[in-house]
Amino acid sequence: MTRMPEIRNTTIRNIVILTGAGISAESGIDTFRDAGGLWEQHRVEDVATPEGFARDPELVLRFYDMRRAALSRVEPNAAHRALARLDREWEGRGSLLIVTQNVDDLHERAGATGVLHMHGELLSALCAACDAREPFTGAMLERPACKACGAPALRPDVVWFGEMPYQMERIYGALARADLFVSIGTSGAVYPAAGFVQEAAAHGARTLELNLEPSEGSHLFEEHRHGPAGELVPRWVD
Ligand code: BV8
1 MTRMPEIRNT
11 TIRNIVILTG
21 AGISAESGID
31 TFRDAGGLWE
41 QHRVEDVATP
51 EGFARDPELV
61 LRFYDMRRAA
71 LSRVEPNAAH
81 RALARLDREW
91 EGRGSLLIVT
101 QNVDDLHERA
111 GATGVLHMHG
121 ELLSALCAAC
131 DAREPFTGAM
141 LERPACKACG
151 APALRPDVVW
161 FGEMPYQMER
171 IYGALARADL
181 FVSIGTSGAV
191 YPAAGFVQEA
201 AAHGARTLEL
211 NLEPSEGSHL
221 FEEHRHGPAG
231 ELVPRWVD
């Protein structure tokens, strides 16, 4: 195993880290891909699209209620914890932004701060009537009332296919300033996240992919290491 690219005694100041389902796999959370794009016998496009929600809201609410409930049964793994260590250490050195495609809270529970959930979060609710967002840990199938407007119109605060991911301006600003872009545990199958490596490289950033196997975008990275995130990420960070 060749040494991981150094990050400390270098000119690297600004780091953007993109994480995907693969970083949570060793915590026991199914990846999109391992389920073959099927979650609980449903095509993800049926349960993760506005059309799917309009067609069968109960099916979608139950799908997310089940995933939300599962969160309390899993723990962050060594990869989440290593990124949290790097997050704390980097405070004095420059900027470090963790952009996650994941809707779980494992980065936060490992101690990372300022995590940007570009596809939303299981533990947040969005009111389809008034657009207010509120922390949410229960079940939406029971049609709880929106705290802001009282309507029984809460939906999962996640970005479905065809919907605009959150904080894209902030992400592109960070990619433009990045000296290093690291992608961890993502298949590079979903846009706009899959295009971030090109955005960062176009602005002169070095690029590194840490993934179980070569992703669809591996050829776009300057360096890659393949293996479980729980082993690769601590080795890269420490
Ligand atoms: C947008 C939240 C524009 C919900 C998710 C045609 C029609 C409509 C849209 C499109 C279209 N063609 C393209 C698009 C765009 C579309 C898209 O990219 N589609 C794909 C299918 C082609 N994208 C969108 O729609 C996005 N929005 O484009 O908006 C717009 C513009 C203006 C105005 C309005 C809108 C929104 C996409 C977000 C969808 N929501 N999630 C939920 O989670 O339930 S996507 C969801 O799947 C995840 O968030 C994640 O992004 C994606 C899964 O990807 P990964 O995280 O990479 O997971 P995956 O399983 O694929 O891979 C896991 C990897 O880990 C593998 O490589 C594996 O090898 C590795 N691994 C496994 N174990 C380990 C490991 N690695 C390390 N260690 C291990 N142990």
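The opening position of the sequence shown corresponds to residue 1 in our numbering, with each subsequent residue numbered one higher. Think of the CB as a built atom: it goes at the ideal place given N, C-alpha and C, for glycine as much as any other residue.
### CA-to-CA distance, Glu142 to Ala205, given in whole angstroms
The C-alpha of Glu142 is placed about 47 Å away from the C-alpha of Ala205.
### Query
Are three or more beta carbon pairs between the segment 83-94 and the segment 49-60 nearer than 8 Å?
A contact between stretches requires three or more CB pairs, one per stretch, nearer than 8 Å, and the segment 83-94 fails this requirement with the segment 49-60.
### Ala79 in three-state terms, based on DSSP
DSSP places Ala79 in helix when its eight states are reduced to three.
### Query
Cβ-heavy atom distance between Trp236 and ligand 1 below 7 Å?
Ligand 1 never approaches Trp236 closely enough for any of its heavy atoms to be under 7 Å from the residue's Cβ.
### Message
Three Cβ pairs or more, each shorter than 8 Å: is that satisfied between the segment 214-226 and the segment 187-195?
### Response
Pairwise C-beta distances place the segment 214-226 in contact with the segment 187-195, as three or more of them are shorter than 8 Å.
### Sub-8 Å separation of Leu126 and Arg155 beta-carbons
Yes. Within cutoff.
### Task
Have a look at Asp157, Ala151, Val115 and Pro152 and flag the residue whose alpha-carbon is nearest the alpha-carbon of Leu122.
Taking the Cα of Leu122 as reference, the smallest distance to any Cα among Asp157, Ala151, Val115 and Pro152 is reached at Asp157.
### Pro156 - partner residues in DSSP beta bridges
Note: Pro156 is bridge-paired with Ala125 in the DSSP secondary-structure output.
### Message
Is it buried or exposed, Gly114, if we count other Cβ atoms within 10 angstroms and call 16 or more buried?
### Response
The residue in question, Gly114, is exposed, as its Cβ has fewer than 16 Cβ neighbours within 10 Å.
### Task
May I have the straight-line CA-CA distance separating His226 from Leu83, to the nearest angstrom?
When only Cα atoms are considered, His226 and Leu83 end up about 17 Å apart.
### Task
Can you say whether Glu45 is buried or exposed, counting buried as having 16 or more other CB atoms within 10 angstroms of its CB?
Counting the other Cβ atoms within 10 Å of the Cβ of Glu45 gives fewer than 16, which makes it exposed.
### Query
Between Ala151 and Thr10, what straight-line distance do the alpha-carbon atoms span, to the nearest angstrom?
Rounded to whole angstroms, Ala151 to Thr10 spans 54 Å at the Cα level.
#### Entry: chain B within 8 Å of Met164, Cβ atoms only
Any reference to chain B falls outside this structure, which holds one protein chain only.
### Query
What residue range is occupied by the uninterrupted beta strand (DSSP E) comprising Glu223?
First-last of the beta strand (DSSP E) with Glu223: Glu223 to His226.
### Task
Can you give me the Cβ contacts of Asp104 inside the same chain, cut-off strictly under 7 Å, excluding the 5 residues immediately before and after it?
Once the five neighbours on either side are set aside, the close Cβ partners of Asp104 are Ser24, Ile29, Leu71 and Leu122.
### Message
Please report the distance separating the alpha-carbon of Ala78 from that of Ile17.
### Response
When only Cα atoms are considered, Ala78 and Ile17 end up about 16 Å apart.
### Message
According to DSSP, simplified to helix, strand and coil, what is Phe243?
### Response
Given that the chain is displayed from residue 1 to residue 238, the structure contains no residue 243 and the question cannot be resolved.
### Query
Using CA coordinates, which residue listed in Ile12, Pro76, Gly230 and Pro234 is at the minimum distance from Gly111?
Of the candidates Ile12, Pro76, Gly230 and Pro234, Pro76 places its Cα closest to the Cα of Gly111.
### Query
Would the C-beta of Thr207 count as close to ligand 1, meaning under 7 Å from any of its heavy atoms?
Result no, Cβ not under 7 Å from ligand 1.
#### Entry: Range of the contiguous beta strand (DSSP E) that encloses Arg206
For Arg206, the uninterrupted beta strand (DSSP E) run begins and ends at Arg206 to Asn211, by DSSP.
### Query
Cα separation between Arg235 and Leu86?
Going by the C-alpha atoms only, they are around 12 Å apart.
#### Entry: Phe181, enclosing beta strand (DSSP E) - first and last residue
Run containing Phe181: Leu180 to Ile184, per the beta strand (DSSP E) assignment.
### Query
Span of the beta strand (DSSP E) holding Val233?
Annotation: Val233 is outside any beta strand (DSSP E); the continuous alpha helix (DSSP H) that includes it extends over Ala229 to Val237.
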